[in-house]
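**Student:** Just so we're aligned, residue 1 is where the sequence shown starts under the UniProt record's numbering, counting upward by one.
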Amino acid sequence: MEKIDNLDRRILTIIMRNARIPSKDVAAECGVSRAAVHQRIQRLIDMNVIIGSGYHVNPKILGYRTCTFIGLKLERGAMYKLVVPELEKIPEVVECHFTTGPYTMMCKVYARDNEHLMELVNAKIQEIPGVSETETLISLEESFAREIPIQQQDREDEQV
Numbered sequence: 001m002e003k004i005d006n007l008d009r010r011i012l013t014i015i016m017r018n019a020r021i022p023s024k025d026v027a028a029e030c031g032v033s034r035a036a037v038h039q040r041i042q043r044l045i046d047m048n049v050i051i052g053s054g055y056h057v058n059p060k061i062l063g064y065r066t067c068t069f070i071g072l073k074l075e076r077g078a079m080y081k082l083v084v085p086e087l088e089k090i091p092e093v094v095e096c097h098f099t100t101g102p103y104t105m106m107c108k109v110y111a112r113d114n115e116h117l118m119e120l121v122n123a124k125i126q127e128i129p130g131v132s133e134t135e136t137l138i139s140l141e142e143s144f145a146r147e148i149p150i151q152q153q154d155r156e157d158e159q160v
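1. For I15, tell me which candidate among G71, A35 and S53 has the shortest Cα-Cα distance.
2. Is DSSP giving T13 helix, strand or coil here?
3. Does the distance from the C-beta atom of Y110 to that of E86 stay below 8 Å?
4. Do L44 and D8 have their C-beta atoms within less than 8 Å of each other?
5. For A27, which residues of its own chain have a beta-carbon under 8 Å away from its beta-carbon, when the five flanking residues on both sides are left out?
6. Where do the N-terminal and C-terminal ends of the beta strand (DSSP E) with M106 fall, by residue?
7. Please report the residue range of the beta strand (DSSP E) in which K3 lies.
8. Express the C-alpha separation of K73 and H97 in angstroms, rounding to a whole number.
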């Protein structure tokens, strides 16, 4: 496994705050060349440390005012391999996790309103073969969302 050092961590911290920041600004803040920043970012992408980039869209502005977390119980846990592709076909399902605890899976779902949510749950999610039960938890407000913090290491040779 390749290693990341404190410069990589500094670059990650900066670009996580603003993915659109120019490389020259990152370079200036880190005290290195623009080419070094570009090479480091590309290496972090190649190492799958950076797994995506893009813009975050406000679902409420697009008309999706109801955010929910839906716990799914499956007939058998191994059926998640069949259920996941079906959930992927539902655009309002934005996250899906295979979990421990009372639910086999937990999904984050956006709906326009309660009527739309009921349609998603009753006519789509509960109709997926293998889904035996669902429990819907409505989020009243997202207090915060963030990425995992990037901490500096005492040793330059720490592995990812």
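Even glycine gets a Cβ: it sits at the ideal position worked out from N, Cα and C.
**Tutor:** Put simply:
1. Here residue 15 refers to the residue found at position 15 when the sequence shown is read from its first residue. Nearest option by C-alpha distance: S53.
2. To locate residue 13, count along the sequence shown from 1; it is residue 13. In the structure shown, T13 sits in a helix (DSSP, three-state: H, G or I).
3. Numbered from its first residue, the sequence shown carries residue 110 at position 110. Numbered from its first residue, the sequence shown carries residue 86 at position 86. The Cβ-Cβ distance between Y110 and E86 does not fall below 8 Å.
4. Against the sequence shown, residue 44 aligns to sequence position 44. Against the sequence shown, residue 8 aligns to sequence position 8. Result yes, Cβ atoms of L44 and D8 sit closer than 8 Å.
5. Here residue 27 is taken as the residue at index 27 of the sequence shown, counted from 1. Excluding its 5 nearest sequence neighbours in each direction, A27 has C-beta neighbours in its own chain below 8 Å: S33, R34, A36 and V37, listed in chain order.
6. The residue given as residue 106 occupies position 106 in the sequence shown. Unbroken beta strand (DSSP E) run through M106: M105 to A111.
7. What you label residue 3 is simply residue 3 of the sequence shown in a count that begins at 1. Unbroken run through K3: none, as it is neither H nor E.
8. In the sequence shown, residue 97 corresponds to position 97, counting from 1. In the sequence shown, residue 73 corresponds to position 73, counting from 1. H97 and K73: Cα-Cα distance of roughly 12 Å.
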